[in-house]
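Visitor:
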Amino acid sequence: MAGRFLIQGALTRAGVTDVRVESGVITAVGPALGATDGETVVDARGAVLMPGFINTHHHLFQSVLKGVPAGLAVPLMPWLEAVPYTYGPRIDEEALTVAATLGLAELLLSGCTTVADHHYLFGASLGYDPAPILFAAAESLGLRFVLLRGGATKTRAFAGPDDKPLPHEPLDAMLRGVQDTVHRFHDPSPSAMRKVVMAPTTPFYSTTPDELRELARAARAMGIGLHSHLSETDDYVRFAAERFGMRPVHWCAEHEWIGPDVSFAHMVHLDASEIALCGSTRTGIAHCPQSNGRLGSGVAPVQALHEAGAIVGIGVDGAASNEAADMVSELHAAWLIHRAAKGAGAMDTDQLVQWATSGGARLFGLGDVGEIAPGRQADLVLYGLDHPRYAGNHDPVSAPITAAGAPLLRHVWVAGREVVRDGAIPGFDLPAWLARADAVVRRLRRDA
Ligand SMILES: [Zn+2]
1 MAGRFLIQGA
11 LTRAGVTDVR
21 VESGVITAVG
31 PALGATDGET
41 VVDARGAVLM
51 PGFINTHHHL
61 FQSVLKGVPA
71 GLAVPLMPWL
81 EAVPYTYGPR
91 IDEEALTVAA
101 TLGLAELLLS
111 GCTTVADHHY
121 LFGASLGYDP
131 APILFAAAES
141 LGLRFVLLRG
151 GATKTRAFAG
161 PDDKPLPHEP
171 LDAMLRGVQD
181 TVHRFHDPSP
191 SAMRKVVMAP
201 TTPFYSTTPD
211 ELRELARAAR
221 AMGIGLHSHL
231 SETDDYVRFA
241 AERFGMRPVH
251 WCAEHEWIGP
261 DVSFAHMVHL
271 DASEIALCGS
281 TRTGIAHCPQ
291 SNGRLGSGVA
301 PVQALHEAGA
311 IVGIGVDGAA
321 SNEAADMVSE
331 LHAAWLIHRA
341 AKGAGAMDTD
351 QLVQWATSGG
361 ARLFGLGDVG
371 EIAPGRQADL
381 VLYGLDHPRY
391 AGNHDPVSAP
401 ITAAGAPLLR
411 HVWVAGREVV
421 RDGAIPGFDL
431 PAWLARADAV
441 VRRLRRDA
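When we follow UniProt numbering, the leftmost residue of the sequence shown carries the number 1, and every step to the right adds one.
1) Does the structure place the stretch 327-342 close enough to the stretch 154-165 that three or more beta carbon pairs sit under 8 Å?
2) Chain C beta carbons: is any one of them nearer than 8 Å to that of Phe135?
3) Spell out a yes or no on whether the stretch 41-55 and the stretch 362-381 are touching, meaning 3 or more CB-CB pairs, one atom from each, closer than 8 Å.
4) For Ile258, which residues from the same chain have a beta carbon less than 8 Å from its beta carbon, with the 5 sequence-adjacent residues on both sides left out?
5) Could you name each continuous alpha helix (DSSP H) segment of 4 residues or more that falls completely within the stretch 269-305, going from the start of the chain to the end?
6) Assuming Leu409 contacts Val440 under a Cβ cut-off of 8 Å, what Cβ separation, rounded to an integer in Å, is found between them?
7) Would the beta-carbon of Asp117 fall within 8 Å of that of His59?
8) Taking the beta carbon of Arg217 as the centre, do at least 16 other beta carbons fall within 10 Å, making it buried, or is it exposed?
9) Beta carbon of Gly318: closer than 7 Å to some heavy atom of ligand 1?
10) For the beta strand (DSSP E) that contains Tyr383, what are its first and last residues?
11) Given a cut-off of 8 Å on the beta-carbon distance, is the pair Glu371 and Thr349 in contact?
12) When you measure from the CB of Ala344 to every non-hydrogen atom of ligand 1, does any distance come out below 7 Å?
13) For Val302, I'd like the list of residues in its chain whose CB is within less than 7 Å of its CB, leaving aside the five on either flank, ordered along the chain.
14) Enumerate in chain order the residues of its own chain whose CB-to-CB distance from Pro170 is below 8 Å, with the five nearest sequence positions on each side excluded.
15) So does His57 have its beta carbon nearer than 7 Å to some heavy atom of ligand 1?
16) Using a Cβ-Cβ cutoff of less than 6 Å, which residues in the same chain neighbour Ser291 once the five nearest sequence positions on both sides are dropped?
17) Is Trp413 helix, strand or coil by DSSP?
18) Do Arg339 and Met347 have their beta-carbon atoms positioned less than 8 Å apart in this structure?
19) Can you say whether Met77 is buried or exposed, counting buried as having 16 or more other CB atoms within 10 angstroms of its CB?
20) Excluding the 5 residues flanking Leu33 on each side, which residues of the same chain have their C-beta closer than 7 Å to its C-beta?
21) Closest to Ala124 by C-alpha separation, out of Val115, His168, Leu102 and Glu81, would be which residue?
22) Would you call the stretch 197-212 and the stretch 229-244 touching, i.e. three or more CB-CB distances under 8 Å?
23) What does the Cβ neighbour count give for Val196, buried or exposed, with the cut at 16 atoms within 10 Å?
24) Less than 7 Å between the CB of Ala265 and some heavy atom of ligand 1, yes or no?
25) Specify, as a first and last residue, the run of the alpha helix (DSSP H) that Met198 falls within.
26) Could you check whether Ala47 and Gly309 sit closer than 8 Å to each other, using their CB atoms as the reference points?
27) Which parts of the stretch 26-59 are runs of the beta strand (DSSP E), unbroken and 3 residues or longer, counting only runs that do not cross its ends?
28) Determine the extent of the beta strand (DSSP E) in which Gln8 is found, giving its start and end residues.
29) Should His287 be counted as a contact of ligand 1 given a C-beta to heavy atom distance under 7 Å?
30) Going by the C-beta, is His186 closer than 7 Å to any heavy atom of ligand 1?
31) Which residues in the same chain have their Cβ closer than 8 Å to the Cβ of Leu134, if we skip the five residues on either side of it in sequence?
32) Which same chain residues, not among the five before or five after Thr12, have their C-beta less than 7 Å away from its C-beta?
33) Is there at least one non-hydrogen atom of ligand 1 closer than 7 Å to the beta-carbon of His269?
34) For Ser140, tell me which candidate among Arg176, Leu166, Gly111 and Met193 has the shortest Cα-Cα distance.
35) Jot down the residue ranges of each uninterrupted alpha helix (DSSP H) in the stretch 66-104, minimum 4 residues, whole runs only, in chain order.
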C-alpha cells in the first residue's frame with residue numbers, strides 16, 4: 001500500500017476521522033471525506049489512529065546487552081562499568097547489525113516510526129564505521145532515522161575484563177567523521193528520512209571544555225543539531241560543582257551548548273535556575289523515565305521544563321538500562337511514575353503522546369513529522385482494540401497507552417509506506433534474526 005489511500009473512520013482525540021494520504025504526505029483530514037474513484041480504502045472503524053512515536057534517545061548496540069547480571073541492581077556509574085564499558089569494545093559489525101535491526105524492529109512494533117540513536121562507539125580500535133550499518137538497518141525496515149553521532153576524545157579509566165577502554169578518537173578524527181557522515185546521510189529538510197546530529201557522549205567526561213565548544217561551533221557551521229547526556233545522576237551536579245563551581249546546565253551554556261538546536265537526555269537533577277534557562281532558550285530534553293527508574297536515577301522535572309518553555313521528547317534509552325525498547329511501555333511507565341511521585345493530576349496521556357510525537361520531532365528539526373494534519377508526513381499508526389485488555393474502556397483513544405501491553409498494530413506507515421501489517425513486519429525473517437542474536441550474546445559473554 002503506497003501512493004494514494006484513505007483511512008476511513010479512525011478514532012482520534014478530535015473524533016471519528018478520515019485521513020487521506022498521497023505520495024507519503026497527509027493531504028486531508030476530516031469526517032466523511034469520501035473515497036474517490038480507484039482510491040484504496042483502509043477500514044479503520046473501531047481502531048485508534050495516532051502519529052508514529054519518535055524515540056528521541058536510544059543506544060541500539062545495547063539491544064544485545066539486556067539483563068547483564070552484573071548491571072541489574074546498581075546505579076549509573078557501576079552499571080556503565082559492568083555493561084557498556086565491558087561489552088562496548090566487543091561490539092563488532094555483526095553484533096551491531098543484529099542489535100540495531102532487532103532493536104529497530106522492536107521499536108517499530110511498539111508504534112515507533114522515527115528513531116534517534118545516540119551511538120558513541122567510534123574510533124580506530126573498532127576497525128569499522130558504525131554509521132552506514134545503522135542507517136542501513138533503519139532503511140531495511142523503512143524507519144525514519146536520526147544518528148546522534150556520539151563519541152569521545154577521552155574515556156574514563158574503567159578497565160573491563162578485556163582491559164580495553166571504550167573506542168575513542170582525537171578531535172580532528174571526530175570532526176572528520178561527523179562531516180563525512182553529514183555529507184553522506186544528512187538531509188536538512190523538515191521531512192527528512194535521515195538526519196545527523198553532533199552528540200559527544202557527555203559534556204564533562206568525553207572531551208575537554210575547549211573541544212566541546214569547538215564541536216558546538218562545527219555543528220552550527222554544518223547546520224546540524226547538538227545532543228548529549230546531562231544530569232542523569234547527582235554525580236553530574238557534584239562534578240560540575242567541584243570542578244567548575246557551577247550547575248551543569250549553566251556550564252553547558254557557557255560552552256555554547258544551549259538553545260533550540262540542543263537537546264539533552266535525562267536532565268533528572270536540575271535546580272529552578274536550570275529549568276528556567278532551558279525554558280527561555282527552548283532547549284530540548286529527551287525524557288527517559290524507564291531507564292531513570294531502572295537505574296534508580298530519579299524522576300526528571302519534565303512538566304516544569306515544559307511549562308518553562310523547554311521542548312520535551314520521550315526516549316527509551318538503551319535496552320541495557322531498560323531491558324526493552326518499547327514506546328508504548330515507556331509512555332505507560334511515564335504516566336505512572338509521575339503520578340506516583342507527584343499525585344494523580346501530575347500527568348495525562350494526551351500530554352505524553354504530544355511529547356512522544358510532535359515534541360520529539362521538534363528536537364531534531366523534523367517539523368513535518370509527528371502530527372495528523374494536512375501537509376504533514378504520513379507517519380501513522382492504527383491500533384486495533386480487539387483484545388480483552390481494551391474491552392469496557394470509556395476512553396478508547398487513550399487505551400493503547402493506559403492499558404499498555406503489546407499493541408495490536410493493524411497498520412504502521414512511514415511516509416505513507418506500509419511497514420507493519422497485522423502486527424508483523426512484511427519480509428522480516430524474525431527466527432533468523434533471533435538465532436543471530438543468540439549467537440552474538442554467546443560470543444559477547446565468552447569471559448564476562
Ligand atoms: Zn543514553
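The beta carbon of each residue, even a glycine, is placed where N, CA and C say it ideally should be.
Here the structure is a predicted model, which means the values were calculated and not measured.
Guide: According to the data block:
1) no
2) Here chain C cannot be found, since the structure has a single protein chain.
3) yes
4) Here residue 258 refers to the residue found at position 258 of the sequence shown. Same-chain partners within the cutoff: Val249, Cys252, Leu277, Cys278, Thr281 and Thr283.
5) 272-280 and 289-294
6) Position 409 of the sequence shown, counted from the start, is the residue given in the question as residue 409. Position 440 of the sequence shown, counted from the start, is the residue given in the question as residue 440. In fact, because the Cβ distance is near 27 Å, the residues do not count as touching under 8 Å.
7) Locating residue 117 in the sequence shown gives position 117, counting from the first residue. Locating residue 59 in the sequence shown gives position 59, counting from the first residue. Closer than 8 Å, so yes.
8) Against the sequence shown, residue 217 aligns to sequence position 217. Classification for Arg217: exposed.
9) Along the sequence shown, one-based indexing puts residue 318 at 318. Because some heavy atom of ligand 1 lies under 7 Å away, the Cβ of Gly318 counts as near it: yes.
10) In the sequence shown, counting from the first residue as 1, residue 383 sits at position 383. Where Tyr383 is concerned, the enclosing beta strand (DSSP E) stretches over Leu380 to Gly384.
11) The count along the sequence shown starts at 1 and reaches residue 371 at position 371. The count along the sequence shown starts at 1 and reaches residue 349 at position 349. Cβ atoms of Glu371 and Thr349: not closer than 8 Å.
12) Within the sequence shown, residue 344 is the residue found at index 344, counting from 1. No, since every heavy atom of ligand 1 falls outside the 7 Å radius drawn around the Cβ of Ala344.
13) Counting from one through the sequence shown, the residue named residue 302 turns up at place 302. Excluding positions up to five away in sequence, the list reads Ile285, His287 and Val312.
14) If you number the sequence shown from 1, residue 170 lands on position 170. Only Thr153 meet the Cβ criterion.
15) Start at 1 with the first residue of the sequence shown, and residue 57 comes out as number 57. For ligand 1, at least one heavy atom lies less than 7 Å from the Cβ of His57.
16) Here residue 291 refers to the residue found at position 291 of the sequence shown. Closer than 6 Å at Cβ, skipping near neighbours: Asp317, Ser321 and Asn322.
17) Looking up residue 413 in the sequence shown gives position 413. Strand at Trp413.
18) One-based indexing of the sequence shown puts residue 347 at position 347. One-based indexing of the sequence shown puts residue 339 at position 339. Their beta carbons are under 8 Å apart, which means Met347 touches Arg339 by this criterion.
19) Counted from its first residue, the sequence shown places residue 77 at position 77. The residue is exposed, with fewer than 16 neighbouring Cβ atoms inside 10 Å.
20) If you number the sequence shown from 1, residue 33 lands on position 33. Contacts found: Leu6, Asp18 and Arg20.
21) The residue labelled residue 124 in the question sits at position 124 within the sequence shown. Comparing Cα-Cα distances from Ala124 to each of Val115, His168, Leu102 and Glu81, the minimum goes to His168.
22) yes
23) Here the question's residue 196 lines up with position 196 in the sequence shown. Label assigned to Val196: buried.
24) In the sequence shown, counting from the first residue as 1, residue 265 sits at position 265. It does: the Cβ of Ala265 is within 7 Å (strictly closer) of some heavy atom of ligand 1.
25) Position 198 of the sequence shown, counting from 1, holds the residue named residue 198. Looking at the DSSP string, Met198 is not in any alpha helix (DSSP H); the run it does join, the beta strand (DSSP E), is Arg194 to Met198.
26) Working through the sequence shown from its first residue, we reach residue 309 at position 309. Working through the sequence shown from its first residue, we reach residue 47 at position 47. No, the Cβ-Cβ distance between Gly309 and Ala47 is not below 8 Å.
27) 40-43, 48-51 and 53-58
28) For this step, residue 8 is matched to residue 8 along the sequence shown. Taken as a continuous stretch (DSSP letters only), the beta strand (DSSP E) holding Gln8 covers Arg4 to Thr12.
29) Counted from its first residue, the sequence shown places residue 287 at position 287. Answer for His287: no, Cβ out of range of ligand 1.
30) Within the sequence shown, residue 186 is the residue found at index 186, counting from 1. Answer for His186: no, Cβ out of range of ligand 1.
31) Here residue 134 refers to the residue found at position 134 when the sequence shown is read from its first residue. Taken in chain order, the residues that qualify are Leu60, Leu96, Ala100, Asp117, His119, Phe145 and Leu147.
32) Stepping through the sequence shown from its first residue, residue 12 is reached at position 12. Leu49, Ile372 and Val397.
33) Stepping through the sequence shown from its first residue, residue 269 is reached at position 269. No, since every heavy atom of ligand 1 falls outside the 7 Å radius drawn around the Cβ of His269.
34) For this step, residue 140 is matched to residue 140 along the sequence shown. With distances taken between Cα atoms, Ser140 lies closest to Met193.
35) 76-82 and 84-87
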